[in-house]
Ligand code: PMP
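Residue numbers (UniProt numbering): 1 to 393.
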């Protein structure tokens, strides 16, 4: 059958093939899931039930593309408390942050338009962007966020419409963008007339250190779209996220949302609003953070104990992931396929899949949120053994 041309480029992450050889019982550091045991199941069920009992007949009716008003109000307040200058009128509910990524790309990208992504970046974002057939420019990540000099060079040389960034506990590296870089990014976007897509699903999951204002905080010309999500702080199956943007961008995003799925489920939005009215979300987040921080610390000490000294890793201040860097010339995809999966029972996400060019080969992403203590210790030990063997040969 003749499929649309845009599907030719659609990523095809390549991960299914890599993990095809996985065995049952495998210890997976490759996932990106929150721990299901931490979902506030009872409270969410109660919120749904109360919503049904108390809501008007319109609960099951169409609502509006922007979403359920009381929840938009609550999110506007949360964002203002977090340093984002926004109003309820500029907030829209989405089906997860993922839909926000898609809508922003749909709003801005014509085929062949320039866009900057961090190298490495979030795989799911690449899958969304690929459909619009952009011309990617990769800007490398450093310990304090994307390399701003490299970014400036790209912007000086090429026409770029959009910069996609995950400034807080980036997926996949766990990196936080520094205050200076946040400011510099906005300045560059102003000079070169670029829109910044700030994706913040991990923003509330800081375990140590002081929070930095969102990039949107420094937005002087209304060119930052901020995306939030309940997936990592409540539960991903709610498929609930939100965005805020200046009117110039917001109205287009609302229209595109209408054309895409009409609106987010009114039942879902009303019930989550009920959850927020009856429960203390921040207290729940605090509990989740305690578990994730413990697992992260455990993974970091296991890595210190078991990894050969040529392999470097970071100790992120929050989020879901940490980043391993092997020596130049090491191919983490080959290592995973030829050594780690066949000879042990551990997996990670190799770096090549996390850049459009696939030209970042010597690194890997490890997830620590959805693995238990014992598996962290055992899995890291096996990983260390295999890495030592591979680096010796
Ligand atoms: N952005 C990033 C950086 C992510 O890591 C994820 C999920 N892994 C998403 C967006 C999508 O999240 P949601 O469930 O809110 O659609």
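The beta carbon of each residue, even a glycine, is placed where N, CA and C say it ideally should be.
(message) I'd like to know if the segment 236-246 and the segment 91-100 are in contact, where contact means that at least 3 CB-CB pairs between them fall below 8 Å.
(response) Using a Cβ-Cβ distance cut-off of 8 Å, the segment 236-246 and the segment 91-100 are in contact, since at least three pairs of beta carbons, one from each stretch, lie closer than that value.
(message) In chain order, what are the residue ranges of uninterrupted alpha helix (DSSP H) at least 4 long that sit wholly in the segment 268-315?
(response) Taking only runs of at least 4 residues, the alpha helix (DSSP H) segments lying wholly in the segment 268-315 are 281-306.
(request) Quick one: which unbroken beta strand (DSSP E) runs of 3-plus residues sit fully inside the segment 180-216? Chain order, please. (result) Annotation note: the segment 180-216 contains the following uninterrupted beta strand (DSSP E) runs of length 3 or greater, listed N- to C-terminal: 195-199.
(request) Run through the segment 209-269 for me and flag every whole beta strand (DSSP E) of 3 or more residues, listed as ranges in chain order. (result) For secondary structure counted as the beta strand (DSSP E) over 3 or more consecutive residues, the segment 209-269 holds these complete runs in sequence order: 224-229 and 241-244.
(request) Taking only heavy atoms of ligand 1 into account, decide whether any of them is closer than 7 Å to the Cβ of residue 231. (result) Residue numbering aside, residue 231 sits at position 231 when the chain shown is read from its first letter. True, at least one ligand heavy atom lies under 7 Å from that Cβ.
(request) Compute the Euclidean distance between the alpha carbons of residue 82 and residue 392, then round it to the nearest angstrom. (result) Translated into positions along the chain shown, residue 82 becomes position 82. Translated into positions along the chain shown, residue 392 becomes position 392. Each residue's Cα considered, the two are about 48 Å apart.
(request) Just tell me which of 196, 214 and 56 has its CA closest to the CA of residue 222. (result) Within the chain shown, residue 222 is the residue found at index 222, counting from 1. Restricting attention to 196, 214 and 56, the CA atom closest to the CA of residue 222 is found in 196.
(message) With a threshold of 7 Å on Cβ separation, who are the neighbours of residue 192 within its own chain once the five nearest residues in sequence on each side are excluded?
(response) As a working note, residue 192 is residue 192 in the chain shown. Here the set comprises 155 and 160.
(request) Using only the heavy atoms of ligand 1, determine whether one of them is closer than 7 Å to the beta carbon of residue 199. (result) In the chain shown, counting from the first residue as 1, residue 199 sits at position 199. Relative to the non-hydrogen atoms of ligand 1, the Cβ of residue 199 comes within a distance shorter than 7 Å of at least one.
(request) Tell me whether residue 352 sits in a helix, a strand or coil according to DSSP, three-state version. (result) Position 352 of the chain shown, counting from 1, holds the residue named residue 352. Three-state DSSP puts residue 352 in a helix.
(request) Return the CA-CA distance between residue 348 and residue 365, expressed in angstroms with no decimal places. (result) Indexing the chain shown from 1 puts residue 348 at position 348. Indexing the chain shown from 1 puts residue 365 at position 365. Looking at the two C-alpha atoms, the distance is approximately 6 Å.
(request) Can you have a look at residue 338 and say buried or exposed, based on whether 16 or more other CB atoms are within 10 angstroms of its CB? (result) Taking the first residue of the chain shown as position 1, residue 338 is located at position 338. Exposed.
(message) Buried or exposed, going by whether 16 or more other CB atoms sit within 10 Å of the CB of residue 61?
(response) Residue numbering aside, residue 61 sits at position 61 when the chain shown is read from its first letter. Flag for residue 61 reads exposed.
(request) Mind the definition here: the segment 23-31 touches the segment 270-285 only if three or more C-beta pairs lie below 8 Å; say whether that holds. (result) Taking 8 Å as the limit for Cβ pairs, the verdict is that the segment 270-285 does not touch the segment 23-31.
(request) Could you tell me the distance, in whole angstroms, from the CA atom of residue 362 to the CA atom of residue 143? (result) Here residue 362 corresponds to residue number 362 of the chain shown, with the count starting at 1. Here residue 143 corresponds to residue number 143 of the chain shown, with the count starting at 1. Each residue's CA atom was taken as its position, placing residue 362 and residue 143 some 16 Å apart.
(message) Please classify residue 266 as buried or exposed, where buried requires at least 16 neighbouring CB atoms within 10 angstroms.
(response) The residue given as residue 266 occupies position 266 in the chain shown. The residue is buried, with at least 16 neighbouring Cβ atoms inside 10 Å.
(request) Run the proximity test for residue 122: is its beta-carbon closer than 7 Å to any non-hydrogen atom belonging to ligand 1? (result) As a working note, residue 122 is residue 122 in the chain shown. Yes.
(message) List, from N- to C-terminal side, the alpha helix (DSSP H) runs of 4 residues or more that fit wholly inside the segment 27-115.
(response) The qualifying runs are 41-54, 69-81 and 96-108.
(message) Under 7 Å: does the beta carbon of residue 125 sit that close to some heavy atom of ligand 1?
(response) The residue you call residue 125 lines up with position 125 of the chain shown. Of the heavy atoms belonging to ligand 1, at least one sits nearer than 7 Å to the Cβ of residue 125.
(message) Quick check on residue 322: does DSSP put it in helix, strand or coil?
(response) Translated into positions along the chain shown, residue 322 becomes position 322. In the three-state reduction of the DSSP assignment, residue 322 falls in the strand class.
(request) Answer yes or no: do residue 269 and residue 75 have a C-beta to C-beta separation smaller than 8 Å? (result) The sequence position of residue 269 within the chain shown is 269, counting from 1. The sequence position of residue 75 within the chain shown is 75, counting from 1. No, the pair does not count as a contact, with Cβ atoms beyond the cut-off.
(message) I need the boundaries of the beta strand (DSSP E) containing residue 366, first residue and last residue.
(response) On the chain shown, position 366 is the one that residue 366 refers to. For residue 366, the enclosing beta strand (DSSP E) begins and ends at 363-367.
(request) Return helix, strand or coil for residue 329, following the three-state DSSP convention. (result) Start at 1 with the first residue of the chain shown, and residue 329 comes out as number 329. Of the three classes helix, strand and coil, the one that applies to residue 329 here is coil, per DSSP.
(message) Here's a check: name, in chain order, each residue in its chain whose Cβ is nearer than 6 Å to the Cβ of residue 288, leaving out the five neighbours to either side.
(response) Numbered from 1 along the chain shown, position 288 holds the residue referred to as residue 288. Excluding sequence positions up to five before and after residue 288, its CB lies within less than 6 Å of the CB of 38, all in the same chain and listed in chain order.
(message) Quick check: does the Cβ of residue 247 come within less than 7 Å of any heavy atom belonging to ligand 1?
(response) Stepping through the chain shown from its first residue, residue 247 is reached at position 247. No, Cβ of residue 247 sits at least 7 Å from all heavy atoms of ligand 1.
(request) State the start and end residues of the unbroken alpha helix (DSSP H) segment that holds residue 156. (result) Indexing the chain shown from 1 puts residue 156 at position 156. Looking at the DSSP string, the run of the alpha helix (DSSP H) that includes residue 156 is 148-157.
(message) Mapping the DSSP letters down to three states, classify residue 343 as helix, strand or coil.
(response) Position 343 of the chain shown, counted from the start, is the residue given in the question as residue 343. In the structure shown, residue 343 sits in a helix (DSSP, three-state: H, G or I).
(request) For residue 378, name the three-state secondary structure that DSSP assigns. (result) Translated into the one-based positions of the chain shown, residue 378 becomes position 378. In the structure shown, residue 378 sits in a helix (DSSP, three-state: H, G or I).
(request) Spell out the partners DSSP gives residue 122 in its beta bridges. (result) Looking up residue 122 in the chain shown gives position 122. Residue 122 is not bridged to any residue.
(message) On the DSSP bridge list, what partners appear for residue 135?
(response) Within the chain shown, the letter at position 135 stands for residue 135. Under the DSSP definition of a beta bridge, residue 135 partners with 114.
(message) If I follow the unbroken alpha helix (DSSP H) through residue 16, where does it start and stop?
(response) Along the chain shown, read from residue 1 onward, the residue named residue 16 stands at position 16. For residue 16, the uninterrupted alpha helix (DSSP H) segment begins and ends at 15-19.
(message) Short of 7 Å in beta carbon distance, which residues of its chain neighbour residue 48, apart from the five on each side in sequence? Order them along the chain.
(response) As a first step, residue 48 is located in the chain shown; it is residue number 48 there, counting from the start. Around residue 48: 271.
(request) Decide if the segment 292-300 is in contact with the segment 125-136; the criterion is three or more beta carbon pairs, one per stretch, under 8 Å apart. (result) Taking a cut-off of 8 Å for Cβ pairs, the segment 292-300 and the segment 125-136 do not touch, as fewer than three such pairs fall below it.
(request) Could you tell me which residues DSSP pairs with residue 165 in its beta bridges? (result) Within the chain shown, the letter at position 165 stands for residue 165. Bridge partners of residue 165: 198.
(message) Considering only the alpha carbon of each residue, which of 322, 382, 328 and 335 lies closest to residue 345?
(response) On the chain shown, residue 345 is found 345 positions in, with the first residue counted as 1. Distances from the CA of residue 345 to each of 322, 382, 328 and 335 were compared; the closest alpha carbon is that of 382.
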